[in-house]
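Just so you know, the protein sequences line up as chains P and G, in that order.
Under our numbering, the residue at position 170 of the first sequence is numbered 170, and the numbers go up by one with no gaps.
Every number in our numbering is 303 more than the matching position in the second sequence, counting from 1.
A virtual CB, placed ideally from N, CA and C, is assigned to each residue, including glycine.
Note that the structure is predicted; figures quoted are calculated from it, not measured.
Below: one structure, written as structure tokens.
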Amino acid sequence: MKRTSLTMKKYIKSFDWRILVIFVPGLIFVSMFTFYPMAKMIIMSFFDWQIGYQQTSPFIGFDNYITVINDPTAKIAIVNTLVYVLVTVPFQMIIGLLVAVLINGITKRSVLYRVSYYLPVITSWVIVALLFRYIFSNYGLLNYFITDTLHIVNEPIGWLSTRWSALFAAMLLGVWKGIGWNMIIFLAALQAVSKDQYEAADMDGANRTQKFFHITVPGIKGTIVFALIMLTIGGFNTYTPIAVLTGGNPFHQTEVVLTWMYFQTFDALNMGYSAALSVIIALIIMLITIVMFKLTRFGGDSK
Amino acid sequence: MKTKALMIVVLMVFAITLLTGCAKDTGETVTIEFWHNYSAGDGQVQVLDDLIAEFEEANSNIVVHPVFMDWGNLKNSVVLGATTGVLPDVLRGDIAFVPQFQSLNTLLALSDFDDYDAQADKVLAQPNSSNLMGSDYYGIAANTNTKILFYNETLLTAASVSVPTTLDQVWSAATTLTSGNVIGYVEPWTGIWNVGPYIWSEGGQVLSPNNTTADGYINSAIVVDVITTLKDLYAAGSLAGPSMDPGAVGDTDGWAAGTYAMELDGPWRGASNDAANIEYSAIPLPAGSAGSISVLGGENFMQFKTSDEAHRNAAWEFVKFMTETHAQVEMAKVGQMPVNLEALTDTEALAAMPLLPVFAEALLTAKARPVIPEWSEVEGIIATKVAEAITGAKDVQTALNEAATEIDAILGS
């Protein structure tokens, strides 16, 4: 629709400029603390960035990216992160959804259950990670049970000593901590599914599983997609569980992208490298998110 | 009329305050910013405050403004300050900071001061060598420490193990002591800070004498032997450490629980063992085939390029005061091993640190790690590769060869 200049003037007159008063401060804040650092970091990734006093940074083009791609430890970090995301996200969501459905079905004491499942979510990452470290350490609670109490094995098992078992402990921690968050999100979504559909299904003789997969799941599809994307992005941003459980050890085998980035930025002071790694990870996350959107759209705009 | 008069008065008061304020900074008193990580818990901050009060009395035109930051924050604040230009006038920090801060182009060459050499002669030469880069000194020693062999007397008596007198005996003692819940030896990390003493005491080297090459040194036969010994100990369960095995108990907790029997460590180990009521003692690292060569730690005083002339001179006066006998003895009473030669034999200092003679003996032969800007990255590579070798993830020679290649790539560029 074409606007005439007269309509334009009318538009300006009727536009409530007070909106800008609310909008602009927030925009300035976000620009300063999010957009500017992001843009600067992307620029940094093309330089051999020096942070010394009055030092200059030479432009090196894509060299940092090539270094990251050829670096075996970066590969280990990316693989570890992908595994962490691929395991923790589905398990969190499935268990969270099941718990939400179950709690939704009970009338008494639902608050007690909701609080107990949500407590891990609001507990500090550092505290629970330390707790898990003490449970899984060589002289920790788990080994005490299996050697001294149950006598399953004679020697304590080094849960945190090797790459995959340490990652297993981290993933267990991640899933356990996230169940409550998913439960709350899905509980809210379940309220929006109309009861009529369940009654109609009952009349058609559907059993519990059929009702779940054909009414509940499609009904909360939007929330599932939302949770999926949020948890995936969160999974890529994991830092504390790994930093506290193993610190990336033994010899950088349990690094995830954020712990490796932290090491390169603050210990090795390789700013350009970390910036390049950041950009690469951002691109990976973007790709995964786009793919997820496409899949869930094609998954069926079903009625 | 009234408002006009009031305005004139206000303006005059303003002007006077401004002028006196300016006068304070130019020529009258100089306020120097001093960043440090003296520990408050050990009473060191109290002693520092007393010393500063004495210094300010003796130097009426200098005011010292101390700022405490813990080790990590201290380092990061200087890294940040290198970009922003906000740096202190004087800093007391880990000797390992000197090459790092110099690579950020922030340090002042203290040897440019006329009386630097005279002051340096008053302190121990070995610890002060950690300030030497090229032909200039970028700091002066503040306090020093080194690592000596601590052992749990209760555990040694219980296992009927006599105190080792050679490095080989240390390893066999570790093996004998390991039984039940007791582990003979602990090493919290695998950098040169930890394995350096064993390498040096057997005649090995980390880098070439001019610190430009690693190949032929870090992967030499001697170093392979030393790391293989550690690898065998680890495989037998006689050696443990949280960086090689994240499931292992930390060294402080392990000592308190009576899990670890021996450790090569610094004076803080004595302090924590006292707090945990452990019966312990310590000796200099028993000699290997090339002697008993431990690793130097400690802190240095450093000054920065961002200070102007007046602040540089004032800070240097403060640094000289802190390295004189009196300040060094006072700090020794709260656990800071002195570098000042007179303070080392002072009776009050000796009374405050019972292990001081043991440390003093070890200090005579202790070696500083290479003072090069890339050292932090180099030691990180060594720590990773040595851990891989000790845990058996890689063959020892292969791991050390890889270390040599990676280090040479950094040093060469």
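Under the three-state DSSP convention, the category residue i falls into
i, result
"Pro369 of chain G", "strand"
"Gln700 of chain G", "helix"
"Phe62 of chain P", "coil"
"Lys211 of chain P", "helix"
"Lys221 of chain P", "helix"
"Thr469 of chain G", "strand"
"Gly300 of chain P", "Note that Gly300 of chain P has pLDDT 44, beneath the 50 cutoff, so the model's placement of it is unreliable and the number below is only indicative. Looking at Gly300 of chain P - three-state DSSP - the assignment turns out to be coil, as it is neither helix nor strand."
"Trp176 of chain P", "helix"
"Met8 of chain P", "helix"
"Arg729 of chain G", "Residue 729 of chain G cannot be examined here, being either before or after the span of chain G that is shown, 304 to 716."
"Ser541 of chain G", "coil"
"Gly600 of chain G", "strand"
"Leu258 of chain P", "helix"
Beta-carbon proximity list for residue i, same chain, < 7 Å, skipping 5 on both sides
i, result
"Met271 of chain P", "Met44, Trp49, Ile51, Thr265"
"Phe91 of chain P", "Val175"
"Ala579 of chain G", "Trp558, Ala559"
"Leu413 of chain G", "Tyr419, Tyr440, Tyr441, Gly442, Ile443, Gln606"
"Val526 of chain G", "Ile502, Gly507, Leu703"
"Thr235 of chain P", "Checking the sequence, you will find Gly at residue 235 of chain P rather than Thr. For Gly235 of chain P, where only same-chain residues beyond five positions count, the Cβ hits under 7 Å are Tyr84, Val85, Thr88, Val89."
Environment of residue i [buried if 16+ CB atoms lie within 10 Å]
i, result
"Leu383 of chain G", "exposed"
"Gly324 of chain G", "Residue placement at Gly324 of chain G is flagged as unreliable, the pLDDT there being 48, under the threshold of 50; the coordinate-derived value follows with that caveat. The residue in question, Gly324 of chain G, is exposed, as its Cβ has fewer than 16 Cβ neighbours within 10 Å."
"Thr708 of chain G", "exposed"
"Val21 of chain P", "exposed"
"Phe251 of chain P", "buried"
"Ser406 of chain G", "buried"
"Gly248 of chain P", "buried"
"Ile502 of chain G", "buried"
"Glu490 of chain G", "buried"
"Val661 of chain G", "buried"
"Asp204 of chain P", "exposed"
Beta carbon proximity, residue i to chain G, threshold 8 Å
i, result
"Gln55 of chain P", "yes"
"Asn249 of chain P", "yes"
"Ala74 of chain P", "no"
"Asp48 of chain P", "no"
"Gly180 of chain P", "no"
"Trp159 of chain P", "yes"
"Phe266 of chain P", "yes"
"Ala170 of chain P", "no"
"His252 of chain P", "yes"
"Gly105 of chain P", "no"
Neighbourhood of residue i by C-beta, 8 Å cutoff - its chain only, sequence neighbours within 5 removed
i, result
"Leu410 of chain G", "Val401, Phe404, Tyr441, Gly442, Met605, Gln606, Phe607, Lys608"
"Ala276 of chain P", "Ser45, Asn64, Tyr65, Thr67, Val68"
"Tyr118 of chain P", "Gly180, Trp181, Met183, Ile184"
"Ile233 of chain P", "Ile285, Thr289"
"Leu647 of chain G", "Leu427, Pro641, Leu659, Ala663"
"Leu141 of chain P", "Tyr134, Ile135"
"Thr478 of chain G", "Gly487, Leu536, Ala539, Ser541"
"Asn154 of chain P", "Thr147"
"Leu667 of chain G", "Gln429"
"Gln210 of chain P", "Ala201"
"Ala574 of chain G", "Asp345, Gly638"
CB contact below 8 Å: residue i versus chain P
i, result
"Lys608 of chain G", "yes"
"Ala385 of chain G", "yes"
"Val382 of chain G", "yes"
"Asn434 of chain G", "no"
"Ala665 of chain G", "no"
"Gly715 of chain G", "no"
"Leu533 of chain G", "no"
"Gly324 of chain G", "Low confidence applies here, because Gly324 of chain G scores a pLDDT of 48, under 50, leaving its location unreliable; read the following figure in that light. No, Gly324 of chain G does not count as interfacial toward chain P."
"Asn408 of chain G", "yes"
"Asn379 of chain G", "yes"
"Ala690 of chain G", "yes"
"Thr334 of chain G", "no"
"Gly437 of chain G", "no"
"Thr687 of chain G", "yes"
Open item on the list: Output needed in chain order: residues of the segment 579 to 602 of chain G with a Cβ under 7 Å from some Cβ in chain P.
Closed with: none
Open item on the list: By the 9 Å beta-carbon criterion, what residues does the segment 478 to 493 of chain G contribute toward chain P?
Closed with: Asn484, Thr493
TODO: Please name the residues in the segment 542 to 554 of chain G whose beta-carbon is closer than 9 Å to at least one beta-carbon of chain P, in chain order.
DONE: Ala543, Pro545, Ser546, Met547, Asp548, Pro549, Gly550, Ala551, Val552
TODO: Check distances from the C-beta atoms of the segment 126 to 147 of chain P to those of chain G and list, in chain order, the residues that come in under 7 Å.
DONE: Phe136, Ser137, Asn138, Tyr139
Open item on the list: Give me the subset of the segment 634 to 664 of chain G whose CB atoms are less than 7 Å from a CB atom of chain P, sorted by chain position.
Closed with: none
TODO: With 9 Å as the C-beta to C-beta threshold (strictly closer), list the residues of the segment 339 to 351 of chain G near chain P in chain order.
DONE: none
Task: Interfacial residues, the segment 700 to 712 of chain G to chain P, with Cβ spacing under 9 Å - done: none
TODO: Mind checking the segment 207 to 234 of chain P against chain G and listing, in chain order, the residues whose C-beta falls within less than 9 Å of any C-beta there?
DONE: none
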